[in-house]
Amino acid sequence: MVIGSGGREHAIIKKLKESSAIDALYALPGNGGIAADAICVPVGAKDLEGQVRFAVEHQIDFAVVAPDDPLVLGAVDALEAAGVKCFGPRKNAAIIEGSKVFSKNLMKKYGIPTAAYEVFEDADAALAYLKTAPIPTVIKADGLALGKGAIVAMTREEAFEAVRTIMVDRAFGESGSRVVVEEFLEGPEVSVLSFTDGKTVVPMVSSMDHKRAHDGDEGLNTGGMGTVAPNPYYTPDTARRCMEEIFLPTIRAMREEGRPFKGCLYFGLMLTKNGPKVIEYNCRFGDPETQVVLPLLESDLFAVMQAVADERLDTADVRFSTGSACCVVMASDGYPQKYETGFEITLDGNPDAEVYFAGAKLTNGKLVTSGGRVLGVTATAETLPEAITRAYQAVEHVHFANAYYRKDIGQRALAALS
Ligand code: AMP
Ligand code: GLY
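Heads up: the sequence shown begins at 175 in the numbering used here, then just goes up one per residue.
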């Protein structure tokens with residue numbers, strides 16, 4: 175069973191379906207589009223008791239816990255206690271994403287390169303510090319905040335405002351009881367997802383997210399409007415450096431802390447002129463990074479996940495194609511703010527691409543929009559320019575009212591290549 179309901183989960187499910195070792199696949203709760211590939215069960219991603227009950231009743235052999243919320247809440251601990259093997263970190267390791275204060279202190283203790291920072295537990299102290307702190311700066315809520323807890327402040331006034339939003343207005347609830355104030359870094363961003371069993375770490379193909387709502391990286395931050403893989407900024411030299419300075423030290427640090435990390439560890443990196451630095455860790459597959467990374471995986475995903483769970487990743491076969499992938503997210507116009515839903519989604523002809531559904535539900539047998547990010551269209555090809563062209567050609571075959579998508583996914587990557 176796969177816990178979660180987004181495009182990332184759809185990509186995981188489609189890849190798992192290629193494995194001959196799987197008889198039946200359940201999605202908890204999945205969505206109307208995922209229903210074509212797995213049996214959707216109406217148990218929410220945060221309903222840990224419901225997940226355990228379902229797994230026991232249906233004699234589930236293996237569970238993939240994909241989203242951050244259940245991981246941080248301890249879904250893997252609960253399922254393992256009930257005898258279900260899992261892919262995903264336990265609660266004591268998921269904290270690497272669940273608390274920015276934890277991850278920053280971990281990096282400081284083990285000398286892992288990251289932005290310099292200060293931690294504040296009350297708003298007055300944070301505001302006093304910001305009166306003289308270097309600007310721009312970055313203010314981050316300690317806990318989970320739907321990916322919106324980091325505010326880049328370009329002026330001192332914006333920095334004060336960010337502290338008020340997070341700590342006084344509690345825009346992200348309890349996540350804002352502590353903040354990290356961070357040095358502003360510059361450089362290309364790279365996402366590297368990795369498989370790790372707590373001892374061995376195997377990076378997947380690198381990728382590039384497009385977080386802003388509009389073309390040219392303008393507009394509000396979103397959950398991600400598109401991705402490409404591999405990321406051309408991530409050269410073999412940089413990859414070697416990241417392995418030595420970041421990936422291996424992180425895995426070692428977590429083990430030494432008595433928090434071995436098993437699952438997918440996501441490294442959000444910034445390639446600064448002083449070398450690669452960690453912007454964030456996620457305790458899970460990225461969304462929409464997964465939608466370009468897994469289509470390039472040539473090995474059996476289920477076999478790799480089992481090897482992670484059994485702590486024998488060193489013997490597993492993890493191979494990626496040398497090709498490229500591009501995912502264009504089609505959203506409801508107005509996302510990430512106000513938008514309308516309930517419009518029928520149709521596909522004409524053969525899109526010659528994978529369609530991963532996120533905000534889609536079945537109503538009277540029809541697939542209709544039900545969220546901000548509706549779906550992602552992923553094309554793969556030998557080269558990046560070809561993958562981008564094919565993804566946009568496929569988008570032409572997908573229809574729903576009020577559809578919005580960026581027209582420039584991959585353009586920054588192409589510029590880096592030329
Ligand atoms: P996070 O939620 O930590 O991934 O941050 C969201 C986004 O804010 C990142 O993808 C970066 O674009 C930006 N960001 C986070 N931390 C920094 C930093 N220290 N310097 C510059 N930009 C940052
Ligand atoms: N795409 C960024 C994330 O999954 O957090």
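For each residue, glycine too, the CB sits at the ideal point set by N, CA and C.
This structure is a prediction, so every number in the text was calculated from the model and none was measured.
Within 10 angstroms of the Cβ of residue i, are there 16 or more other Cβ atoms? Answer buried if so, exposed if not.
i, result
"His232", "exposed"
"Pro469", "buried"
"Glu454", "buried"
"Val230", "exposed"
"Ser592", "exposed"
"Lys512", "exposed"
"Lys191", "exposed"
"Ala198", "exposed"
"Gly584", "buried"
"Arg182", "buried"
"Lys540", "exposed"
"Arg433", "buried"
"Ala268", "buried"
Beta-carbon separation of residue i and residue j under 8 angstroms?
i, j, result
"Leu359", "Lys274", "no"
"Ile187", "Ala212", "yes"
"Asn456", "Gly442", "yes"
"Ala336", "Ile325", "yes"
"Glu357", "Ala300", "no"
"Val548", "Cys501", "no"
"Thr489", "Ala477", "no"
"Pro525", "His571", "yes"
"Phe459", "Pro263", "no"
"Ile340", "Ala327", "no"
"Pro410", "Ser380", "no"
"Ser193", "Leu521", "no"
"Val376", "Tyr407", "no"
"Pro287", "Gly449", "yes"
"Thr226", "Leu318", "Per the sequence shown, residue 226 should be read as Val rather than Thr. No, Cβ-Cβ distance for Val226 and Leu318 is not below 8 angstroms."
"Ile234", "Val215", "no"
"Phe531", "Ile208", "yes"
"Leu471", "Lys189", "yes"
Pick from the options: whose alpha carbon is nearest that of residue i?
i, options, result
"Leu202", "Glu192, Glu472, Asn279, Glu223", "Glu223"
"Lys538", "Gly206, Glu183, Lys191, Ala198", "The residue asked about is misnamed: residue 538 is Asn in this sequence, not Lys. Residue Gly206 is the option with its Cα nearest to Asn538."
"Val503", "Thr496, His388, Thr329", "His388"
"Gly372", "Arg486, Met175, Ala561", "Arg486"
"Gly516", "Gly361, Tyr291, Thr543", "Thr543"
"Lys220", "Val250, Tyr407, Ala210", "Val250"
"Ala499", "Ala490, Asp383, Val482", "Asp383"
"Ala427", "Val258, Tyr284, Glu254, Ala575", "Tyr284"
"His184", "Phe574, Gly533, Ala195", "Gly533"
"Thr374", "Ala483, Ala315, Arg386, Val226", "Ala483"
"Lys282", "Phe574, Pro423, Gln567", "Pro423"
"Glu560", "Ile234, Val402, Asp474", "Val402"
"Gly180", "Ile562, Gln585, Gly545, Val569", "Gly545"
"Cys260", "Phe574, Asn279, Met479", "Met479"
"Lys385", "Asp582, Ala589, Ala575", "Asp582"
"Gly321", "Asp243, Ala302, Asn279, Met378", "Asp243"
"Val315", "Glu295, Glu332, Lys189", "Note on identity: in this sequence residue 315 is Ala, with Val being the wrong assignment. That would be Glu295, whose Cα lies nearest to the Cα of Ala315."
"Ala590", "Lys265, Asp491, Val217, Leu558", "Leu558"
"Thr370", "Met444, Val529, Met175, Leu439", "Leu439"
Would you please state the rounded distance, in angstroms, between the beta carbons of residue i and residue j? I believe it to be under 8 angstroms.
i, j, result
"Glu518", "Ser506", "Going by Cβ atoms, the distance from Glu518 to Ser506 rounds to 13 angstroms, so no, they are not a contact pair."
"Arg330", "Leu367", "Arg330 to Leu367, Cβ: 36 angstroms. No contact."
"Thr446", "Gly361", "4 angstroms"
"Ala121", "Ala527", "It is not possible to answer for residue 121, since the shown part of the chain is limited to 175 through 592."
"Met378", "Val467", "5 angstroms"
"Ala553", "Ala568", "6 angstroms"
- Message: Quick check: the region 350-358 against the region 264-278, are at least 3 beta-carbon pairs closer than 8 angstroms?
- Response: In short, these stretches touch, since the Cβ pair count reaches three.
- Message: For the pair the region 487-498 and the region 456-465, tell me if three or more CB-CB distances fall below 8 angstroms.
- Response: Counting Cβ pairs under 8 angstroms, fewer than three are found: no touch.
- Is there contact between the region 412-424 and the region 228-243, where contact requires at least three CB pairs shorter than 8 angstroms? By the criterion of at least three beta-carbon pairs nearer than 8 angstroms, the region 412-424 is not in contact with the region 228-243.
- Task: Answer yes if the region 339-348 comes into contact with the region 392-404, meaning at least three C-beta pairs across the two stretches below 8 angstroms, and no otherwise.
- Result: As far as the Cβ criterion goes, the region 392-404 does not touch the region 339-348, which means the pair count is below three.
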